[in-house]
Every structure is written in C-alpha cells, then in structure tokens.
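Everything on this sheet refers to the single structure shown next.
2 protein chains.
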Amino acid sequence: MTPPPPESKPASSPAPAPPAGLRERKKRRTRDALLRAALELFTSQGYEQTTVDEIVDAVDVSQRTFFRYFANKEEAVFAVQEMVERQFVEQLRARPPHEPPLQALRAAVLDAWNTIGDSIEQVVPVELHMRTFQLIESTPALLAVQMRRSIETEEEVARIIAAREGLDVDADPRPRVAVAAFSGVMRMTGRLWGAGEDLSVESMRVVTAAQLDELVPALAGDWRAG
Amino acid sequence: MTPPPPESKPASSPAPAPPAGLRERKKRRTRDALLRAALELFTSQGYEQTTVDEIVDAVDVSQRTFFRYFANKEEAVFAVQEMVERQFVEQLRARPPHEPPLQALRAAVLDAWNTIGDSIEQVVPVELHMRTFQLIESTPALLAVQMRRSIETEEEVARIIAAREGLDVDADPRPRVAVAAFSGVMRMTGRLWGAGEDLSVESMRVVTAAQLDELVPALAGDWRAG
DNA sequence: AGGCTAATGACAGCCGCTGACAGTTGACAA
DNA sequence: TTGTCAACTGTCAGCGGCTGTCATTAGCCT
Numbered sequence: 069m070t071p072p073p074p075e076s077k078p079a080s081s082p083a084p085a086p087p088a089g090l091r092e093r094k095k096r097r098t099r100d101a102l103l104r105a106a107l108e109l110f111t112s113q114g115y116e117q118t119t120v121d122e123i124v125d126a127v128d129v130s131q132r133t134f135f136r137y138f139a140n141k142e143e144a145v146f147a148v149q150e151m152v153e154r155q156f157v158e159q160l161r162a163r164p165p166h167e168p169p170l171q172a173l174r175a176a177v178l179d180a181w182n183t184i185g186d187s188i189e190q191v192v193p194v195e196l197h198m199r200t201f202q203l204i205e206s207t208p209a210l211l212a213v214q215m216r217r218s219i220e221t222e223e224e225v226a227r228i229i230a231a232r233e234g235l236d237v238d239a240d241p242r243p244r245v246a247v248a249a250f251s252g253v254m255r256m257t258g259r260l261w262g263a264g265e266d267l268s269v270e271s272m273r274v275v276t277a278a279q280l281d282e283l284v285p286a287l288a289g290d291w292r293a294g
Numbered sequence: 069m070t071p072p073p074p075e076s077k078p079a080s081s082p083a084p085a086p087p088a089g090l091r092e093r094k095k096r097r098t099r100d101a102l103l104r105a106a107l108e109l110f111t112s113q114g115y116e117q118t119t120v121d122e123i124v125d126a127v128d129v130s131q132r133t134f135f136r137y138f139a140n141k142e143e144a145v146f147a148v149q150e151m152v153e154r155q156f157v158e159q160l161r162a163r164p165p166h167e168p169p170l171q172a173l174r175a176a177v178l179d180a181w182n183t184i185g186d187s188i189e190q191v192v193p194v195e196l197h198m199r200t201f202q203l204i205e206s207t208p209a210l211l212a213v214q215m216r217r218s219i220e221t222e223e224e225v226a227r228i229i230a231a232r233e234g235l236d237v238d239a240d241p242r243p244r245v246a247v248a249a250f251s252g253v254m255r256m257t258g259r260l261w262g263a264g265e266d267l268s269v270e271s272m273r274v275v276t277a278a279q280l281d282e283l284v285p286a287l288a289g290d291w292r293a294g
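Shown next, in the form of structure tokens:
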C-alpha cells in the first residue's frame, strides 16, 4: 500500500551494514545522534513536552536537518520499532511450511524477540528502546500511530500465511481473519507488558507466550465447560 | 484509563435529548452545523486538504469557536463514530447472560448496526456518516486515531464480558484475549468494507457476519484437514 | 430594566512542518 | 592537485493547528 521511497531506507537487512564513504558515515552519525537525543528526551520528559528545537539543539544541527532525516516527529519514535517488525516478518518467512498458521506466527514472534537485541544495540541502547516502547503505550498520539503501523503489517503477514497454505487472500477469508485475531492479541499483550513492572525482553516473551496460549481456549463456545 | 471530563459530553444516551433553553438549542445548532460542514468538506476534498478556517467560514463563526466545540480537527470526524460505539456497548450489556461470549459480541454488533440509523440521522445524514467511515479508512492519520479509540473501548468490553462470566479480568486472560481477537476481526472487517463498492449499512452487516463466522475455523490447527 | 454569566470574537503567539534559495563539503575525474 | 558536480545543510519566510487572554455579545433570572 504505502512502500517507503527506495532511497530513504536500506529496506534489506534489519541492521544496515556500515556504509563505505565518509559522507555516508557522517549521515549515519547525524541520524543516530538525532535518534538517540530524541528518544532520550521523549522518554525523560514526555513526547509532546519535547519540541523539535530541543532535539536539534542537543545535536547542534538545524531544525530543517531533523526533518530531512525524519518525515515528522513521530517517525523518530518508530525508527527502531520498524527494525523489529521487519525482523518478525523475516522470521515468519523462514518458518518451515508444514507448521499450522498460528504455530508459525507464534514461533516467529518469539524468535524475533530472541534475536533483535543485537540489531537494536547497534543503533540505540536496548534499555532505551524498551523505555520507548512504554512511552508509546502511554502516549495516545503515539499509540494511535503504532496501531496504524501494525495494521499495515497485518496485510503483508496475511499474504505470507495465505501463500504458505496455498490460498488466495481475497478468496479465502481465513488468512486475514487468523492474522487479525493474532494481531489483536499481540497489541493487547504489548499493552499489558507496558503497564507492568518488568521491562525486560524476557518478560515480554513470557507475557506474549502466555497470552497466545489462551487464544484458542478463549474462543471456545462455553468457558465454564472446560 | 482516560475518561472524558464530565461536562464535555452528555455521556448518557446515544441520541441526546433536545435541550430546553434557547441558549442550549443555539449551541446544538452551531455544533451540528460545524459537524456537518466539516464532514461535508472532509469527505469531498479530503481531511488534510481541509483547513479549519474553511469549516468556520462555511458556518460563519470564528476559528476559536470551532476549537471550543471540538478539542481538535480529528474530534469532528469521530463525533458520530462515538455514538455508534456507545450503542454497541449498550447492546452488549443488554444481551442475555447465558449466551457464550463470542455469540453475545456478535449479536451486539449486528443489533447495533440495525438500530443506529435513527440516532445518527438526528445529527447528520446517514449517507454522510458512511462516507466519513470510508474517509477514515483511507486517511492514515484518521485510521490511526480510529485504532486508538477502538482499543480504548476494548478494555471496557473485556470487563463486560468478564462480568457476564463471573470472572476477574486480571486473573483470567480469556476475556481480554477473546475481545482482542474479536476486535481485530472487527477492524479488519471495517477495512474490507471501506475498500469495497457497496457502502450501505446492510452491506456492512453482511460483511461483518461473514468474517465473524470464520473466526473459529481460522484458528483451527490445520486448515487443510477441514 | 438591569445585573450575572455563558458563549463568542479578536488578537497574539507557540509549535510542527514545508518550500525556496544559498552556502558548504565530500566524491570523482581530469 | 584542482575543478566540477552533486549531496547535505543552514537560513528564512510562511502556513496551519491549536491555546491563552481579554473584551464584547447575548441568553437568563429577578
């Protein structure tokens, strides 16, 4: 639907390789500095309370430069998030094709959470990313964007699932429905985790697994029968 | 989590009763006029392409007045949407308590779509509301807000379901999980409907019913076994 | 009629964001 | 090395969403 312009992102690997030229390296440094400064300010004093001017002052570039790296204030918040999502999609594509849909989805998320740590650290401290995640959950404007992003991923995931099963997404409703239900639980899980105490990655994995285990039972006709 | 301030909304009935004094009636008229003008402009020339100044010029009030009735530009878009959501929640509360959770949810949505027509018409033409729905689905910024609103409703609905079953939402994960899965499918359904041709209310009901019927089958372990 | 108060208008100003233009600095070839 | 080109950046001006403030208007009540 809305693919990013080809030159704006590497679009290949979750952790972009270190670029060759001096110019490219300089760009990366500026971008990373802006990113870190932004996330640090956002998480410490709030998203809306932080002006773009504060961010650029911390990095000592012009406001215009900020908007050349990030289309808007929000985009800075979700730069890392996007890496994680791509990681998930890749993991899903790598699942053995004989797995049932739900099992593949579940395994892909949990695997993704296992391996992203390293990729993230190359850009910002993982702990900062976790605080950012919490910031998103507690800031309505950011939560809204998060939701929209997640439904954009949904369509892509639905197509992957359909392909695995040899189905047409437009002919058979099950791929989209399954992914929609799965995504609903994922979003709810993020909310629960963000509201909780333990902000570790392991905690995230535990909560995720626990909620997913309840998906099928929760849809059973009569809960009291079980 | 974030209840609106008591005086900002009637918060009682989906279709607020006609107020007594001349002052109140005048306020209602101004608000409705702003609402209609806004939706009309939004749906005809796009949300971002419409400035608040254009809206207030059409109604001949000051810009400041617009922002006294609506906290921001978005809120005008979702004023009617909110009526519909409240209607759904009320329908759900009215379901017989012996119904299984999913069945109650399904019946509540379909009933809501049956009865809202009249309530809406008191404020704006139903056809305009339907176009607005489509506008939301095709405008990223609005879709984002829509998503956030829907997860705010989710928690309330989960508590209703839990109460029906005599459960504690924090102790038993199934209410939240079931509602999350259900909501995921609902959102996806709205997206499908908005992308389709038939913008009628009946079409909405048909699509909704069809997608919900697929929820349980879609989560079955092996689709090929069926 | 006249005082009280809610609703409105007018104005100034902040902040996010964009277009245009000019200056600077790496890249690359002669 | 040097000159040219293209990319990156800073500066400035300006729009649109949104808010605070204060004076003005207009329904309400005695």
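Listed in order, the protein sequences are those of chains V and Y.
Read in the numbering used here, the first sequence has 252 at position 184, and its numbers run on one by one without any break.
Read in the numbering used here, the second sequence has 139 at position 71, and its numbers run on one by one without any break.
The C-beta atom is built at its ideal place from N, Cα and C for all residues, glycine as well.
All figures in this text were calculated on a predicted structure; none of them were measured in a lab.
Reduced DSSP secondary structure (H/G/I, E/B, other) of residue i
{"i": "Thr-183 (chain Y)", "result": "helix"}
{"i": "Thr-119 (chain V)", "result": "coil"}
{"i": "Arg-163 (chain V)", "result": "coil"}
{"i": "Ser-271 (chain Y)", "result": "helix"}
{"i": "Gly-143 (chain V)", "result": "The residue you asked about is not Gly; residue 143 (chain V) is Glu in the sequence shown. Here Glu-143 (chain V) sits in helix by DSSP."}
{"i": "Leu-88 (chain Y)", "result": "In the sequence as presented, Leu is not what sits at residue 88 (chain Y); that position holds Ala. It is coil, neither helix nor strand."}
{"i": "Phe-138 (chain V)", "result": "coil"}
{"i": "Ser-130 (chain V)", "result": "coil"}
{"i": "Gln-279 (chain V)", "result": "helix"}
{"i": "Val-191 (chain Y)", "result": "coil"}
{"i": "Met-69 (chain V)", "result": "Bear in mind that the predicted position of Met-69 (chain V) carries a pLDDT of just 35, short of 50, making it too unreliable to give a figure here."}
Test: residue i CB closer than 8 Å to a CB of chain Y
{"i": "Pro-193 (chain V)", "result": "no"}
{"i": "Ile-219 (chain V)", "result": "yes"}
{"i": "Leu-211 (chain V)", "result": "yes"}
{"i": "Met-215 (chain V)", "result": "yes"}
{"i": "Ile-228 (chain V)", "result": "no"}
Closer than 8 Å to chain V by CB, residue i
{"i": "Gly-289 (chain Y)", "result": "yes"}
{"i": "Gly-114 (chain Y)", "result": "no"}
{"i": "Glu-233 (chain Y)", "result": "yes"}
{"i": "Pro-241 (chain Y)", "result": "yes"}
{"i": "Pro-208 (chain Y)", "result": "yes"}
{"i": "Ala-88 (chain Y)", "result": "no"}
Limits of the unbroken alpha helix (DSSP H) element including residue i
{"i": "Thr-200 (chain Y)", "result": "194 to 206"}
{"i": "Asp-290 (chain V)", "result": "Careful: Asp-290 (chain V) lies outside any alpha helix (DSSP H) and carries neither H nor E."}
{"i": "Pro-168 (chain Y)", "result": "Looking at the DSSP string, Pro-168 (chain Y) is not in any alpha helix (DSSP H), and its letter there is neither H nor E."}
{"i": "Val-284 (chain Y)", "result": "283 to 286"}
For this session: Check distances from the C-beta atoms of the region 261 to 285 of chain V to those of chain Y and list, in chain order, the residues that come in under 8 Å.
Result: Considering only beta carbons, the part of the region 261 to 285 of chain V lying closer than 8 Å to chain Y consists of Ala-278, Gln-279, Glu-282, Leu-283, Val-284 and Pro-285, in chain order.
Exercise. Using a beta-carbon distance cut-off of less than 9 Å, what residues from the region 166 to 184 of chain V approach chain Y?
Worked result: Listed by position along the chain: Pro-168, Pro-169, Leu-170 and Gln-171.
Exercise. Taking any Cβ of chain V, which residues in the region 243 to 263 of chain Y have a Cβ under 9 Å from it, in chain order?
Worked result: Here the close residues are Pro-243, Arg-244, Val-245, Ala-246, Val-247, Ala-248, Ala-249, Phe-250, Ser-251, Gly-252, Val-253, Met-254, Arg-255, Met-256, Thr-257, Arg-259 and Leu-260.
Exercise. In chain order, which alpha helix (DSSP H) runs of at least 4 residues are fully inside the region 228 to 275 of chain Y?
Worked result: Fully enclosed alpha helix (DSSP H) runs of no fewer than 4 residues occupy 242 to 263 of the region 228 to 275 of chain Y, in order along the chain.
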